[in-house]
Amino acid sequence: MKRFTSLEARIDHAAHRVLDRLPASGLSGAVIEFLVFGLKQAWACLFGGAMLALIMGTRVVWPDDAWLARYDFVFLCALALQIAMLAFRLETFDEAKAILLFHIVGTCMELFKTAAGSWVYPEEAFFRIGGVPLFSGFMYASVGSYLARVSRIFDFRFTGYPPFWTSIALAVAVYVNFFSHHYVADARILIFAATGVLFARTWVHYRVFRFRHRMPLLLGWLLVALFIWFAENLATWSHAWLYPSQQGEWTPVGLSKLGSWYLLMIVSFVLVTMVNRPKPLDTSSSPQIDQARN
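Quick note: the sequence shown uses the working numbering, first residue 31, plus one each step.
Structure representation (structure tokens):
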């Protein structure tokens, strides 16, 4: 997979014309590296940020007597946004494949979880399957879009990555447990333990601007899960969906959900790697690998 789309390549070229003139070392160099990191992260969150803005914005301004249901408006906007990102080279077709997988996997889980009463969608919608409005698939797609884009933009490489089949098996176990714990004992503690055993030595190496940095993959998953937990609080406040404890009066989502999002990170990450396999770090490709990595 190419690191940049044609549009991103032009943006990158224009940015380098400015950034290459700036200091490369000391505090100024570190600040520049940090700012570029933030800008690239924001670019990777483009679809997810747009979805969250749609959900929150319509919660505030959508009229109760509108002829089009709020959920349907969000769905149609999300669909248009997805088409536009492909048309304007903001997303690759490989990323679109990963996002489609997220739609399928996420919708199946939504149908089961809403039927089991784990959460509800409190508003009406025309575009829905059972109790699940179709915009919900795009919320899972937001996670898939971010992971696919961030791994490409930051040129992820890995050391200590376990055999690929083990990550597939782990993701299947996580996904099955999302369903099976309603009927048998919850196996998430065992899954967390297996995750630690498999990925304890796995580092993700990523290029920001001038240097490659590195981070334990387990820590990276936790940081993304924490970010999604914050976004989930905003989404439930916006009545995108509600947990049983929030249906009388909205309350913040409990920290216990952070573990669920962490497990979802495992499934999400593996789905992305099924389209774009993890690449090993080539230490001969750059003399600056892992400088300033902390």
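All C-beta atoms in this analysis are idealised placements derived from N, C-alpha and C, irrespective of residue type, glycine included.
(request) Could you tell me which of Leu249, Val234, Thr196 and Cys75 sits nearest to Ala224, measuring between CA atoms? (result) The residue labelled residue 224 in the question sits at position 194 within the sequence shown. The candidate whose alpha carbon is nearest that of Ala224 is Thr196.
(request) Look up His133 in the DSSP assignment and say whether it is helix, strand or coil. (result) Taking the sequence shown and counting its residues from 1, one reaches residue 133 at position 103. Of the three classes helix, strand and coil, the one that applies to His133 here is helix, per DSSP.
(message) On the criterion of 16 or more Cβ atoms from any shown chain inside 10 Å, does His235 qualify as buried, or is it exposed?
(response) Translated into positions along the sequence shown, residue 235 becomes position 205. Its Cβ being crowded by 16 or more others within 10 Å, His235 is buried.
(request) Throw me the rounded Cβ distance for the Asp185 and Asn306 pair, which I believe falls under 8 Å. (result) Against the sequence shown, residue 185 aligns to sequence position 155. Against the sequence shown, residue 306 aligns to sequence position 276. The pair is not a contact, with the Cβ atoms about 11 Å apart (cut-off 8 Å).
(request) Return the chain-ordered ranges of every alpha helix (DSSP H) run that is complete within the stretch 49-117 and spans a minimum of 4 residues. (result) 56-74, 76-91 and 100-117
(request) Confirm, please, whether the CB-CB distance from Ser268 to Met86 is below 7 Å. (result) Mapped onto the sequence shown, residue 86 falls at position 56. Mapped onto the sequence shown, residue 268 falls at position 238. Closer than 7 Å, so yes.
(message) I'd like to check one pair, Val104 with Phe165: are the Cβ atoms closer than 7 Å?
(response) If you number the sequence shown from 1, residue 165 lands on position 135. If you number the sequence shown from 1, residue 104 lands on position 74. Contact: yes.
(message) Using a Cβ-Cβ cutoff of less than 8 Å, which residues in the same chain neighbour His211 once the five nearest sequence positions on both sides are dropped?
(response) Here the question's residue 211 lines up with position 181 in the sequence shown. Excluding residues within five positions, the ones whose Cβ falls inside 8 Å are Ala217 and Arg218.
(request) Please state if the CB of His133 and the CB of Gly167 are separated by a distance shorter than 7 Å. (result) If you number the sequence shown from 1, residue 167 lands on position 137. If you number the sequence shown from 1, residue 133 lands on position 103. Against a cut-off of 7 Å, the Cβ pair of His133 and Gly167 comes out as a contact.
(message) Starting from Phe168, trace the alpha helix (DSSP H) in both directions and tell me its first and last residue.
(response) Within the sequence shown, the letter at position 138 stands for residue 168. Phe168 -> alpha helix (DSSP H) spans Phe165 to Ile183.
(request) Rounded to whole angstroms, what's the CA-CA distance from Ala99 to Ser172? Just pull it up for me. (result) Walking along the sequence shown from the start, residue 99 turns up at place 69. Walking along the sequence shown from the start, residue 172 turns up at place 142. Cα to Cα, Ala99 sits roughly 21 Å from Ser172.
(request) Answer yes or no: do Leu247 and Phe229 have a C-beta to C-beta separation smaller than 7 Å? (result) The sequence position of residue 247 within the sequence shown is 217, counting from 1. The sequence position of residue 229 within the sequence shown is 199, counting from 1. The answer is yes: Cβ separation under 7 Å.
(message) Using only the alpha-carbon positions, how far apart do Ala44 and Ala178 sit?
(response) As a first step, residue 44 is located in the sequence shown; it is residue number 14 there, counting from the start. As a first step, residue 178 is located in the sequence shown; it is residue number 148 there, counting from the start. Between Ala44 and Ala178, the C-alpha separation is close to 23 Å.
(request) Please classify Glu154: is it buried, with 16 or more other beta-carbons within 10 angstroms of its beta-carbon, or exposed? (result) Looking up residue 154 in the sequence shown gives position 124. Exposed.
(request) Name, in chain order, the residues that DSSP records as bridge partners for Pro310. (result) Sequence index remark: in the sequence shown, residue 310 carries index 280 (1-based). DSSP output for Pro310 lists Phe188 as bridge partner(s).
(request) Could you tell me the boundaries of the alpha helix (DSSP H) in which Trp233 lies? (result) If you number the sequence shown from 1, residue 233 lands on position 203. Per DSSP, Trp233 lies in no alpha helix (DSSP H); the unbroken beta strand (DSSP E) holding it starts and ends at Trp233 to Arg237.
(message) Please tell me whether, using a cut-off of 6 Å, the distance from the CB of Gly161 to the nearest non-hydrogen atom of the ligand ADP is below it.
(response) As far as ligands go, the structure on display features none, and thus does not contain the ligand ADP.
(request) Locate the beta strand (DSSP E) running through Arg244, then write down its first and last residues. (result) On the sequence shown, residue 244 is found 214 positions in, with the first residue counted as 1. Per DSSP, Arg244 belongs to the beta strand (DSSP E) from Arg242 to Pro246.
(request) Output the distance between the C-alpha atoms of Val162 and Thr137, rounded to the nearest integer angstrom. (result) In the sequence shown, counting from the first residue as 1, residue 162 sits at position 132. In the sequence shown, counting from the first residue as 1, residue 137 sits at position 107. Each residue's Cα considered, the two are about 8 Å apart.
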